[in-house]
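Before any comments, here is the structure.
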Amino acid sequence: MDYLIKPGYGPEWGSGGVFGLTYYRGVLYYTLSMEARSYFHEEGKEKVYDFHLLGPGPASGGDTYNAVDVVDEFIYFGGWVHNPAVYKVRDGFAGEIDFRNKYSHVHEYNINEGEVRLLWSESARAEREWAGEVSEIIYDRLNDKLLLGRADGHYNLGVYELDRRGELKRLSEVPGLKGSLYLEFACFDMQPDWRRGVDGVQCYDPYSGRMIYHKIEDWAKVSVDGGAVESRGSGYATTAYARYWHFFRGGVLVGNPIEPDVEEPAFIRLFDFPSTSYSPSRSNALVVGGGIVAVFNSYSHGVLHPSHGSKTTVKAVNYIAGPSVLVYITPPYARIAMALGARVTSMTKKGDRIILGTNNSPNLGGRDATRLDVGVREIVSVSEEDILNPRNPPVVFRVEGYMVGDRFFGGIPLTGYKTASIRMFSSKDNTLRVYEYDIGLPPRLIDSCDYNVRTGWNNISLGSHYNIVSFKLSNPDDKAIIYITLN
């Protein structure tokens with residue numbers, strides 16, 4: 247097995263990663279994007295699938311959302327692939343690709359036979375548009391069906407049911423990118439507009455065959471710190487403590503979307519750095535020791551050659567607010583367990599080791615296409631003990647006033663740190679309000695307090711706070727620079 251994967255041929259937007267990491271029945275599976283190669287490792291042998299069942303190659307893509315589930319002796323993996331990949335045009339330093347050979351797909355790997363079968367595929371056959379990628383696969387054991395999330399694309403978006411013979415049926419027209427089983431229900435986000443992000447949760451009832459929708463009308467009303475959240479791009483979901491957890495840019499929605507009168511889903515702000523691409527996007531959660539390991543990525547998306555948009559927007563999207571972090575959540579608190587580079591694309595557990603797929607480069611924009619995947623990807627093994635009993639890594643986050651404006655930001659877990667402080671430059675006298683809350687079930691706001699900020703550099707100790715803290719400036723300050731330091 248290669249643990250360090252250098253740039254290879256895979257025409258697409260920037261970099262993909264190691265996606266779908268799954269250890270099951272002695273097989274370690276993952277898909278390498280953008281090279282479009284799926285690997286199945288067993289002791290002493292390796293099988294590589296190059297998506298030849300979809301075209302003559304060379305292919306690109308594969309999976310960029312961790313669409314995978316396991317059933318008996320089968321591994322089902324999905325996503326999207328160009329086959330053959332067509333690099334269309336290069337204009338100066340910008341580049342584009344042709345989407346006419348882009349397929350959405352679901353494949354089946356038979357562990358006993360060591361063979362791959364194409365279960366289903368679909369293509370829009372359009373130059374600039376594509377059919378909804380398969381971004382989630384959830385097995386409905388009660389009906390022996392695969393439930394698919396599809397929200398990235400232009401056609402055939404929503405939640406779908408795929409039987410294991412390859413017959414497809416749409417269950418919901420509301421685009422759903424990611425999801426998870428919750429009790430016996432398969433729940434997905436509601437993301438009709440990727441710019442706005444998650445609007446709520448939709449769940450499939452395996453008994454009645456109907457969809458149940460829970461839409462959030464006012465995010466500030468369900469927010470623990472009382473503030474709204476914008477650009478809620480979906481990350482991933484999981485279930486734990488008899489609640490549904492959906493992570494997205496800005497934090498997590500947790501509760502009971504099936505019966506909100508039992509426990510209405512609440513929004514908990516986590517690592518919310520407005521205008522930046524810092525988010526849990528294109529990764530997955532992992533259950534370890536009964537708790538949740540959640541990833542928040544430093545740089546999942548970027549853009550170098552925008553088709554429209556201001557230089558300020560481009561600067562914000564490419565802005566690096568801090569390292570990627572692994573957070574171990576055991577209510578009522580969360581702890582930062584590990585700090586890493588640009589992003590973690592997938593995780594799985596093998597014995598007492600946690601296997602991470604990492605990448606030093608982001609997925610880029612539509613005019614940033616390159617013939618090679620531009621990232622250096624790795625498969626890294628860490629000890630489970632490093633997550634369960636971590637030594638909190640020193641971490642620094644940097645936020646600038648022009649990004650924050652008058653919005654809430656932060657959501658930084660302080661648990662386990664000896665010192666936490668803010669060093670802030672302000673162009674005016676101002677007030678910084680700090681909100682402290684937990685991630686209990688249900689979550690609670692603990693306190694809020696104001697800190698006076700003078701013109702120039704200020705040092706603010708967060709020593710009286712021990713849980714999660716978010717922030718808000720009383721008056722916007724475009725010239726402000728804020729360092730959040732944890733040691």
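The numbering used here applies: residue 247 is where the sequence shown begins, and numbers increase by one. Just so you know, even glycine gets a beta-carbon here, dropped at the ideal spot from N, CA and C. The structure displayed is predicted, hence computed values, not measured ones.
- If you ignore the 5 residues before and after residue 272, its C-beta comes within less than 6 angstroms of the C-beta of 288, all in its own chain and listed in chain order.
- When rounded, the separation of the alpha-carbon atoms in residue 484 and residue 723 is 37 angstroms.
- In this chain, the alpha helix (DSSP H) harbouring residue 631 covers 631 to 634.
- The continuous beta strand (DSSP E) containing residue 590 extends over residues 589 to 596.
- Taking the Cα positions, residue 608 is about 5 angstroms away from residue 546.
- Just measuring C-alpha positions, the residue of 432, 452, 659, 706 sitting nearest residue 677 is 706.
- Of the residues assessed, residue 373 falls on the exposed side of the cut-off, its CB having fewer than 16 other CB atoms within 10 angstroms.
- In this structure, DSSP gives residue 559 a helical state, which the three-state scheme calls helix.
- If you draw a 10 Å sphere on the C-beta of residue 463, you find fewer than 16 other C-beta atoms in it, and that means exposed.
- Comparing C-alpha distances from residue 628 to each of 698, 635, 600 shows the shortest one belongs to 600.
- Following the DSSP letters along the chain, one finds residue 647 inside the alpha helix (DSSP H) bounded by residues 647 to 650.
- The alpha carbon of residue 310 has as its nearest neighbour, out of 646, 528, 550, 590, the alpha carbon of 528.
- If you ignore the 5 residues before and after residue 592, its C-beta comes within less than 8 angstroms of the C-beta of 263, 264, 265, 266, 267, 276, 312, 529, 530, 602, 603, all in its own chain and listed in chain order.
- Following the DSSP letters along the chain, one finds residue 468 inside the alpha helix (DSSP H) bounded by residues 465 to 468.
- Check the Cα spacing between residue 633 and each of 606, 656, 580, 623: the tightest is with 580.
- Here residue 711 carries a coil assignment [DSSP, helix/strand/coil].
- When only Cα atoms are considered, residue 482 and residue 425 end up about 6 angstroms apart.
- Going by C-alpha positions, residue 568 is about 14 angstroms away from residue 496.
- Counting C-beta pairs closer than 8 angstroms gives fewer than three between the region 437 to 447 and the region 373 to 390, which falls short of the contact rule.
- Of 587, 324, 730, 461, the smallest CA-CA separation from residue 355 is found for 324.
- Residue environment: residue 513 is assigned as buried (16 or more neighbouring CB atoms within 10 Å of its CB, all protein chains considered).
- In this structure, 584 is the residue among 506, 559, 284, 584 with its C-alpha nearest to the C-alpha of residue 659.
- Residue 647 holds the alpha-carbon nearest to the alpha-carbon of residue 521 among 669, 647, 670, 715.
- Going by DSSP, residue 456 is part of no beta strand (DSSP E) at all; its letter is neither H nor E.
- By the neighbour-count criterion, in which a residue is buried when 16 or more other Cβ atoms sit within 10 angstroms of its Cβ, residue 398 is buried.
- According to the DSSP secondary-structure assignment, residue 437 is paired through a beta bridge with no residue.
- Taking all protein chains in view, the Cβ of residue 433 is crowded by 16 or more other Cβ atoms within 10 Å, so the residue is classified as buried.
- Excluding its 5 nearest sequence neighbours in each direction, residue 334 has C-beta neighbours in its own chain below 7 angstroms: 342, 343, 344, listed in chain order.
- In this structure, the CA atom of residue 683 is about 22 angstroms from the CA atom of residue 636.
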